[in-house]
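First comes the structure, then the notes that go with it.
Residue numbers (full-length UniProt numbering): 1 to 175.
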């Protein structure tokens, strides 16, 4: 009896351990890094193009604010992110709050994207200047974001740049 049970369990483990007929997912580290870098580059480029086309004076004002006090913007951004995470977790715990969480997360992602682009544009403007066109600083900022996505430590730096820009945008909204 025990030998039969052991045989059945062994067969079940062997059968369950084999790959099924489901979709095969191949995760390649090189493709993931290149895809992440391309996504970071294109996101910065597209959001930057929209910001420059729709609100160039706002973009310039936010860049100047970020460059005037980057440490305060970074701290403000980090504190706001912690408050946002706590607020989202608190709202998810309540069933009714889930209805508020979805738009809140979408808004936070949008503000993060805008703030991140402001951070990269400010850095690129410092590096290459703007002269007559936004094209060169935008391409340099998007390239910096793409290159940072390729490295491990670059993710931390990119997070810091995004948090500083996020803090600048939130601070301007609350002031």
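Each residue gets a CB set at the ideal place from its N, CA and C atoms; glycine is no exception.
So what does DSSP say about residue i, is it helix, strand or coil?
i           : result
residue 77  : helix
residue 112 : helix
residue 97  : coil
residue 16  : Note that residue 16 scores 46 on pLDDT, short of 50, meaning its location in the model is unreliable; the coordinates nonetheless yield the value given after this. In the structure shown, residue 16 sits in a helix (DSSP, three-state: H, G or I).
residue 125 : helix
residue 172 : helix
residue 149 : helix
residue 61  : helix
residue 163 : helix
residue 34  : helix
residue 53  : helix
Taking the beta carbon of residue i as the centre, do at least 16 other beta carbons fall within 10 Å, making it buried, or is it exposed?
i           : result
residue 167 : buried
residue 148 : buried
residue 98  : exposed
residue 90  : exposed
residue 38  : exposed
residue 117 : buried
residue 110 : exposed
residue 32  : exposed
Hey, how far is the Cα of residue i from the Cα of residue j?
i           : j           : result
residue 13  : residue 36  : Note on residue 13: pLDDT 46, under 50, position unreliable in the model; no value is reported.
residue 132 : residue 57  : 14 Å
residue 108 : residue 102 : 10 Å
residue 156 : residue 174 : 26 Å
residue 46  : residue 128 : 20 Å
residue 44  : residue 113 : 8 Å
residue 130 : residue 79  : 31 Å
residue 9   : residue 93  : At residue 9, the pLDDT of 47 sits below 50, so the modelled position is not reliable; the number obtained from the coordinates is stated separately. Computed Cα separation, rounded: 40 Å.
residue 163 : residue 54  : 23 Å
residue 142 : residue 40  : 7 Å
residue 42  : residue 145 : 9 Å
residue 50  : residue 59  : 11 Å
residue 161 : residue 87  : 23 Å
residue 72  : residue 172 : 13 Å
residue 106 : residue 115 : 14 Å
residue 48  : residue 95  : 37 Å
residue 70  : residue 100 : 31 Å
Segment contact flag, the region 149-158 with the region 78-97, C-beta cutoff 8 Å, min 3 pairs: The way I'd put it, the region 149-158 doesn't touch the region 78-97; fewer than three beta-carbon pairs between them come closer than 8 Å.
Contact the region 134-141 vs the region 110-125: 3+ CB pairs below 8 Å: They touch, by the three-pair rule.
The region 157-174 in contact with the region 63-83 per 3-pair CB rule at 8 Å: With a cut-off of 8 Å, the region 63-83 and the region 157-174 count as touching, because enough Cβ pairs lie within range.
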